[in-house]
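Working notes, structure below.
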Amino acid sequence: MFSKSVLLRGALVSSFFMGLNIHAQSIVEKGKTAYMMNCSPCHQADALGKVGFAPSIGSRDFLAIADDQMIKNTVLKGRAGTSMVGRPDLKGEQLDSIIAYLRSFHFENPLKVKLNKHWEAEGDFKNGKKLFQSSCALCHGENGEGYLSGGPGTAIGMKGFLDTVSDDYIYQTLKYGRSGTAMRPFIGAKGLANLTEQEAEDVIVYMRGMADEKSGKTQTLSKEELVTKGKALYAMNCSPCHQADGKGKPGFAPSIINRDFLAIASNSFIKYTISHGRPGTSMPARPDLDKTSLKAIIAYMRSVPVKNPVSIKVNHNFEATGDAVKGKDTYIQYCGYCHGDSGEGYLAGGPGPAIGKSGFLDIASDDYIRQTIRHGRVGTAMRPFAGSKGLANLNETEINNIIVFLRSLN
Amino acid sequence: MTINRRKFLKGMAAAGAAAGVTTTGWTVPSKEKYELEKDECPDNILAACPYCGVGCGTIIKTKKGRITSIIPDKDHPTNKGLQCIKGLTSAEAIYVDRLTKPLIRKDMSDPVKGYVSKTKGSFDPSLFREASWHEVEELIAEKTAEIVKFSGGNSVGLYGSGQLSVEGQYLENLFMKGVIQSNTIEANARMCMTSAVTGYFKSLGSDTPPTCYDDIEMCDMVTFWGHNARGSHPILYWRVADHKAKNNIPSLVVDPRRTGTVMGLEEINPDNSHHFSTINGDISIHNALAYAILKNHPDAVDWDLLKNHVKGWETYIKEVKAGYKPEDVEDKTMIPAKRIYDMAAMWAKASIKGKKLGHGGVLSFWGIGYNQHLHGQHNTMGLVNLMVLTGNIGRPGCGPHSQTGQPNAMGERFTGGLTSRLPFNKGLNDKAHLKHMAKHWRVPQERLEAVADMQNTGMAVGMMERAIKGEVNAMFLIYATHIDLPDANNLARPAMTRMFTVVQEIYNNAPNNLYADIILPAATWGEWVGGTYMQSERRLYVVDGTANPIKGCRPDMDMVIDKGKLIANKLGLDGDAIFPYKRKANGYYDPEEVFRDLVIASKGTDSDLTGMLEVEKETGVGLYDQIRNLRGIQWPAPTAAIAKDGGTKRRYMGQESYWPGKPYEEFRHKDGKMHMHMCHQDYSEYKEITDELKKLGTDPDFFAIDNIPLLVRARDAGLTPELPDKEHLGHKIGEAPKDTYPFWWATGVVYEHFHTSKTIRAGTTSKLVPEMYVEMHPEDAKELGVKDGQWVKIVTRRGSVEARASIGLDSVVKPARNTVPKGFLFSPWNLSVADSADPKKNKWLANGTTHRAFDPVSGQADFKKNACRVELI
């Protein structure tokens, strides 16, 4: 039996697409058929799931947080250890159509969430464990085994889930919950358990390490040990370009043991940059450095004492909107001298690093760029570009335009 | 415990909240310290949550006979796998700070001899001696019988609870009215829901919420009156929020504060989420809305309903039109007329839509904030009037729906464990029903007839005043605390000091123990045998337990039976005939036997449950199993078909399924009609009346029960117990003239806690909100010179309380979830004894400050409208 709401949704969507695009209509229709055949037996015809049996995948919040790739991976690989079987046979157009169908659902109060897939939670494993046991385990099971524990929550401790989702996926789920299901928001005064943002990160750190802890694999270095190890690794791998003191060399390598850089760049930003490098520049990818080594290098960089420390909050959900054409003018007027007119960096002969290349743009959030423009980098040629003390007193619109322009280069 | 808890917490807060609090300051004994009766019990036990009246399905997990944790029941229709933080962590409060042995105070009060104990007010262990169950039971029976003979049955009182099972409550009422022959029986439901109860009776003819939770997903507009559902009934709020997010329905919250409910709904859609910040203006708001609807939206008025099924509507409409033009009552509503007209338009639109479709319309919830008024009953009636005027009753998806505080407050109402009430929505004044109950209770009819002539004026507050005057000499407190009553230090405490007081209690450091002559260690929720609970939508649910309490503790129901048998025998009755129950192989009485008695006795009433007996005959499935299988049955279930269907979802206007011999027509009143009674607000004698009410709690010779006409005047004018000296706002602390009380002072609840005992002992919740706080408007704080996080003293005419100032949503004091209007202060009462129950150390006792004036019909006090000033500590 088709529930009324699905029929209505379908009707709304088809009438919406009809005038626009015959192809889109057919793909949604096709997706609906495929969904009904393959997914609805468990996830229900309305895609809202059944508590303790199959999760809601047609809910506003799930669709806002899960991107197409995540859904694809889940469908193709399944969730080992749960009743969600892998369906490699659905690949290609059929899977695309199912996703298109899910995406066609209409919501009265839509939610938009931007995921930062490279972000990694940082926190206290032990505290995370405590919080997981008191706030999550009652529904998801002590080991995150999900429905098997008898609770209404899904298997979030299983490899199948943890390998498919990013830290930010979990974080945003804790932040927004899943309206219409038993999963409520957990962060802040409005949450179910009043977790702080840091506590949410602790929980994620615990979830990531849960399996290792069970198998006794965790080797934890103390903070001092990490710093010592990091110092050696830095000297060997980073100092040739970034200099022994980390202050860099204009026109050659940027300053990275730098108050403002370390305040704005998250650990995940640095980790990603080291392991992936910056293609098109002389910063090579170093996939050979393992997790602990990366952690050690960062611990060392952050351990170097700073005079007048600052704290800058980067909001990775911020999205700049503006005019790329105007942005280009402003960019050329203020930034191009150092960074090159198309952000090519040192290659253009200036002292500024490459900020127009994908290596940088893929990892830097809009707010990362905005904060850098606002605050500059103490001790380098990059001065603040906003406020009365700035090199140029750019206003918010101008800064946004620059960001939009930079994005257009990618 | 040697560390002063408050100082300790202060230190912690200074050290940084994120540093990770590892201890809560309570001496939490390790689990192993308590020996249980057995080391095995079933696992995955079905129960309802022990906290609020929403009644979430809960599964108790166990290991080796012990409760280890609870998980939400995914198959329960109410919560569908969702639960709030209190319920999720309810297992944390079970094996903590427990009593294990009966205790007798060495220096007992003896009202027969006129002797008052010198050690009351302290629960130091050295003041008590341990005793055997046999010894205490004999002592209680002897003393009670002696007092009955000395000053009559009505001089023995009982304060019961909405935490107790339906079966326990049913027997309690039988014990008091049938055995002791006393009408002095009250329960904590009195301070929680009786305004709704008496309002329902007056309007609809019976104490029945006519709606169910499933109406949430069908309504076209939702309103909350004096109800911060986000904090007090989170599951309900979340269901509403989800429905709003999905269908974009408009909403109205009437509350002085901008609460989590207000802000949560605004977050979903600020354009159709409205908030009326009013103080005491509810009745005028109803009437003004009715005025605006009558004037601008006559098509939203359900004339058919009024003309055919309502009595008194002509007067109502006439008086609304004459006196409640929104522009003219802005001084009472505190809402600009334009907003009233806009809201009326929205209300009319939803009502018309619902009527056209035959489902949907306006769904109105109200909570304790609404009931706790001098005119609480009128609040309910005023709202029901407005709902009926616009036809928002008698169809799915609309109607009035009160929310109870206790998980089984509905049971207390259903079993009639209150002054002058009998089970099944009838009073002692109904002669035929009295005869019926005497038969089913197996007690002589004359005994109940005698009780029908006895008075307990003033109900819960009155019972304590009568005790102070010497009219009540003994008191049983069962699963209830005395600190939920107002003006504790001048009312319940002196009363309990004088009386022979017996408490059934689970915790060591509990305030009741301070004034107890005898303390009986009770088994609590989860570890008891169980019984049934009744939730806000009339859903009966079986609350099973491990039947494996801490060694030495007994279930409350068992204590009622044992005590009942003994005392009945001492009073010349046949105890074994009245309580024909035998202990089972597990050592406990079987609540299902008592439940069967109750079901049989319900025959022919408007809460008839006998359909379950027919189902049992037909299918062989027992009564409890029927309830378990369906995850609850909503009363009434008078036929097998209705019982099989899970009972009656909605009532009135023929919404009940086929019910031959239904004892009422469209509504429960004898004439089959809904009764409209106009409720008014008139502030012309405000000052004069509140000046008189000031004497309560300050003049020891001035009793509320001697001044009922004064309370009636205050009620009829829709007033508050006190009126703050607003003209003295704006002074720095200490600079306002002496003896002035410029602020409103309200107490209420916070999401993380449920009442005052369990959640403050549960690790998780006690860490989330560990200390007493007071919400303050930033301008008031500035004028007073108070900084966020500073400790201050709130002083009323009757007492004071210390609290940390929480200013705005960024406050360092958790949870920082609400904001208050200027001139208005709010604190949760939940933390009342979280510092210590010992009066020498206890600085947070909210009800040490509140006013005892009550609604003369519902008996409920107004905890939200006290006058106070702020002082430095």
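Chains X and L are the protein sequences, given in the same order.
All you need for the working numbering is the position in the first sequence, starting with 1, plus 28.
All you need for the working numbering is the position in the second sequence, starting with 1, plus 937.
All C-beta atoms, glycine included, are put in the ideal place defined by N, C-alpha and C.
By the 16-neighbour rule on beta-carbons within 10 angstroms, X:Gln361 is exposed. The beta carbon of X:Arg212 sits closer than 8 Å to some beta carbon of chain L.
Straight-line measurement puts the Cα of L:Ala1389 at about 26 Å from the Cα of L:Leu1311. For the 8 Å CB-CB criterion, L:Thr1270 and L:Ser1221 form a contact.
Per DSSP, reduced to three states, the secondary structure at L:His1612 is strand. With a cut-off of 8 Å on Cβ pairs, the stretch 1359-1367 of chain L is not in contact with the stretch 1317-1334 of chain L, counting fewer than three such pairs. Among the residues of the stretch 175-186 of chain X, those with a Cβ less than 9 Å away from any Cβ of chain L are Tyr175, Ser177, Gly178, Gly179, Pro180, Gly181, in the order of the chain. Under DSSP, L:Leu1762 takes part in a beta bridge, and its partners are L:Trp1682.
DSSP places L:Asn1803 in the uninterrupted beta strand (DSSP E) bounded by 1803-1809. When DSSP states are grouped into helix, strand and coil, X:His146 belongs to the coil group. Using beta-carbon distances, X:Glu136 counts as an interface residue toward chain L, with a partner under 8 Å.
DSSP places L:His1212 inside the beta strand (DSSP E), whose first and last residues are 1210-1213.
Secondary structure note for L:Ala1124: its beta strand (DSSP E) is the uninterrupted segment 1122-1124. The secondary-structure analysis by DSSP pairs L:Met1396 with nothing; it has no beta-bridge partner.
No Cβ of chain L is located within less than 8 Å of the beta carbon of X:Cys70.
Flagged as an interface residue toward chain L: X:Val79, by a C-beta distance shorter than 8 Å.
With contacts defined as CB atoms closer than 8 Å, L:Leu1721 and L:Ile1642 fail to qualify as a contacting pair. For L:Pro987, the nearest beta carbon of chain X is not closer than 8 Å to its own beta carbon.
When Cβ-Cβ separations below 8 Å define contact, L:Arg1332 makes no contact with chain X.
Assignment of beta strand (DSSP E) within the stretch 1058-1140 of chain L, counting only whole runs of 3 or more residues, yields 1065-1067, 1093-1097, 1122-1124 in chain order. The DSSP-derived three-state label of X:Gly274 is coil.
Take X:Lys299, set aside five residues on each side of it, and the residues of its chain with a beta-carbon closer than 6 Å to its own are Leu322, in chain order.
Judged by beta-carbon spacing, L:Gln1309 lies within the 8 Å limit of L:Gln1797, meaning their Cβ atoms are closer than that value. Runs of the beta strand (DSSP E) lying entirely within the stretch 973-1006 of chain L and spanning at least 3 residues, in chain order: 982-985, 994-1000.
According to DSSP, L:His1338 shares a beta bridge with L:Phe1302. For L:Arg1430, the uninterrupted alpha helix (DSSP H) segment begins and ends at 1429-1435. Taking C-beta atoms under 8 Å as the contact rule, L:Thr1693 and L:Thr1733 fail to qualify, at a distance of about 19 Å. For the stretch 1012-1029 of chain L, the beta-carbon criterion of a distance under 8 Å to any beta-carbon of chain X is satisfied by Asp1012, Asn1016, Lys1017, Gly1018, Leu1019, Gln1020, Cys1021, Ile1022, Leu1025, Thr1026. In this structure, L:Val1729 places its C-beta atom within 8 Å of the C-beta atom of L:Ala1740. Contact between L:Lys1183 and X:Gly86 fails: their C-beta atoms lie close to 11 Å from each other, not under 8 Å.
Fully enclosed beta strand (DSSP E) runs of no fewer than 3 residues are not present anywhere in the stretch 260-328 of chain X.
Assigned with DSSP and collapsed to three states, L:Ala1654 falls in coil, not helix or strand. Take the alpha-carbon of L:Ile982 and the one of L:Gly1482: they are about 7 Å apart.
Within the stretch 1569-1602 of chain L, no beta strand (DSSP E) run of at least 3 residues lies entirely inside it.
A check of alpha carbon separations from L:Ala1683 across L:Tyr1525, L:Tyr1307, L:Ile1570 identifies L:Tyr1307 as the nearest. Contact with chain L is absent for X:Lys157, since none of that chain's Cβ atoms lies less than 8 Å from the residue's Cβ.
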